[in-house]
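So the protein lines, in turn, are chains S and P. 1 is the number of the first residue of the first sequence in our numbering; add one for each residue after it. 1 is the number of the first residue of the second sequence in our numbering; add one for each residue after it. All C-beta atoms in this analysis are idealised placements derived from N, C-alpha and C, irrespective of residue type, glycine included. This report refers to the structure that appears directly beneath it.
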Amino acid sequence: MGDVKRNQWVIVLVLAAFALMVWSGYANYKRRKQYAQRQAQGTLVPETANNQSVQQDVSADEGLPDLRGKRAPDFSLKTVDGKKISLSDYKGKAVLINFWATWCAPCKIEMPWLVALRTQYAGQGFEILGVNADDVGTPRAKLAKFGQEQGLNYPLLVGDDATSRKYGGVEFLPTSYFVGRDGKIVSETAGLVSKDEVEASIKKALATGGN
Amino acid sequence: MFLWAVMILLLQVMKDQPLPLPADTQVAFLSPTQVSVAAHRNTQIDLHFRVANGFHINSHAPLDKLLIPARLAVVETPGINVTAVDFPPGTDYALQVAPREKLSVYTGEFVLHAHLTAQPGEHSFEGGLRYQACDANSCLPPHTIPVSVAVVAQ
């Protein structure tokens, strides 16, 4: 009788182990599938490949906290020419807070788009605040020169850790937060997105009512 | 015995779960951990690194002066004289939205060649690789990882 009971327990445990193995296999399959999907989102262009593409990974969006619908944290920073600016100075306007750095190639790519969009929508109450994320101590003159060379038509602010922390740490650059006229974040992006996507977020921010 | 098997299975399952990649692990120093060299002779040590899948770092000679190059800072250590570090040439890379704007980068595994002479005895080659990593659409702040190799000179 005792042997029968022990055998039953062994069978149960074997079945449990088998179920665990099946689940483990499925979890692995799912993980590999997700990884393959993520890899399909970018393109690497090696010099020797004559434009033959190799798949690349994208991971910026994974690290962005969801602040949409929340009031944009206020901050006060100095511009590269020493003027103090606060987000609250732009009450009633739609604001794009764009975190960038001089060493960030994707940031440079989107800058001409931002310049054009700022020109297009400024009349409707739109502004861009470019918050720099270079090392603390980077000379303001260097940042100002960079802004001039890029033809930037919006304020460039010297960022700090406190401001970055308010926006979730801002690990990946560029990172953009689109603030509506009511002071709430309507959209956020980590990493380079298309100009159309930026414009759509600007329109969304402009469409919000002020308070 | 059976419980051990279950525990091993559980460990295997836990090991296979995807873990978030910390911000400071885009590049890993792979090898060597120890080398044996001839004392008083010019020797080359090959330092192997790997850039995480999906990421690239600027090469030692980026095409834009504002980009941060890969650099190896070597700590001066008694008994070892590092005379030069050779970096491999970068590979051209372009973001999908700007295919004409080329960057010079390292991806996957790359090797630096450190040239040194050592006094007889056991020493430690210490340094730090500074790099700035990006993926297809975004960039991370510059970071430094330690490089340490035990050097036995005879």
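Under the 8 Å criterion on CB atoms, S:E197 is classed as non-interfacial with respect to chain P. Just measuring C-alpha positions, the residue of P:G79, P:P62, P:A118, P:S36 sitting nearest P:D92 is P:P62. Closer than 8 Å to the CB of P:S148 there is not a single CB belonging to chain S. Sequence-distant Cβ neighbours of S:R118 in its own chain, meaning closer than 6 Å and more than five residues away, are I128, N153, Y154. At a cut-off of 8 Å between C-beta atoms, P:A98 counts as an interface residue with respect to chain S. For S:E149, the enclosing alpha helix (DSSP H) covers residues 140-150.
With fewer than 16 other beta carbons inside 10 angstroms of its own, S:K83 counts as exposed. By the C-beta density criterion, P:S124 is exposed, having fewer than 16 other C-beta atoms within 10 angstroms. In its chain, beyond the 5 residues on either side, V152 have a beta carbon closer than 6 Å to the beta carbon of P:E122. Going by C-alpha positions, P:V85 is about 16 Å away from P:T77.
Here P:V97 is near S:I109, since their CB atoms are less than 8 Å apart. Between the stretch 78-98 of chain S and the stretch 128-147 of chain S there are three or more C-beta pairs closer than 8 Å, enough to call the two in contact.
As the crow flies, the alpha-carbon of P:A94 is around 16 Å from that of P:L66. The beta-carbon distance between S:P174 and S:C107, rounded to whole angstroms, is 4 Å. This is short enough to meet the 8 Å contact definition. Counting the other Cβ atoms within 10 Å of the Cβ of S:N7 gives fewer than 16, which makes it exposed. DSSP places S:G183 in the coil class of the three-state scheme, outside both helix and strand. Around the CB of S:M21, fewer than 16 other CB atoms lie within 10 Å, so the residue is classed as exposed.
Contact note: P:I68 reaches chain S through W103, using a C-beta cutoff of 8 Å and chain order. Under the three-state reduction of DSSP output, S:A200 falls in the helix class. Secondary structure at P:F87: coil, using DSSP grouped into helix, strand and coil. Taken atom to atom, the span from the alpha-carbon of P:R100 to that of S:F75 is near 37 Å. Relative to the Cα of P:V37, the nearest Cα in the group P:V75, P:P69, P:K102, P:P120 belongs to P:P120.
Residue-level contact check: S:F172 touches chain P, since one or more beta carbons of chain P fall below 8 Å from its beta carbon. For a cut-off of 8 Å, the C-beta gap from P:V27 to P:F49 is around 6 Å, short enough to register as a contact.
Rounded to the nearest whole angstrom, the CA to CA distance from S:G130 to S:Q150 is 13 Å. When DSSP states are grouped into helix, strand and coil, S:V12 belongs to the helix group. Contact check for S:G159 and S:A122: beta-carbon distance about 23 Å, past the 8 Å limit, so the pair fails to qualify.
Chain-order list of chain S residues neighbouring P:S59: empty, with the shortest C-beta distance near 11 Å, by a criterion of under 7 Å.
With its beta carbon less than 8 Å from one in chain S, P:L103 belongs to the interface.
A direct Cα-Cα distance of roughly 18 Å separates S:A116 from S:K93. In summary, S:W100 is buried, with 16 or more beta-carbon neighbours lying within 10 Å of its beta-carbon over all protein chains present.
Around the beta carbon of P:L47, 16 or more other beta carbons sit within 10 angstroms, so the residue counts as buried. Membership of S:S164 in the alpha helix (DSSP H) is indicated by the continuous run 161-166. For the stretch 60-114 of chain P, the continuous beta strand (DSSP E) assignments of 3+ residues that do not extend past its boundaries occur at 71-74, 80-86, 91-94, 102-106, in sequence order.
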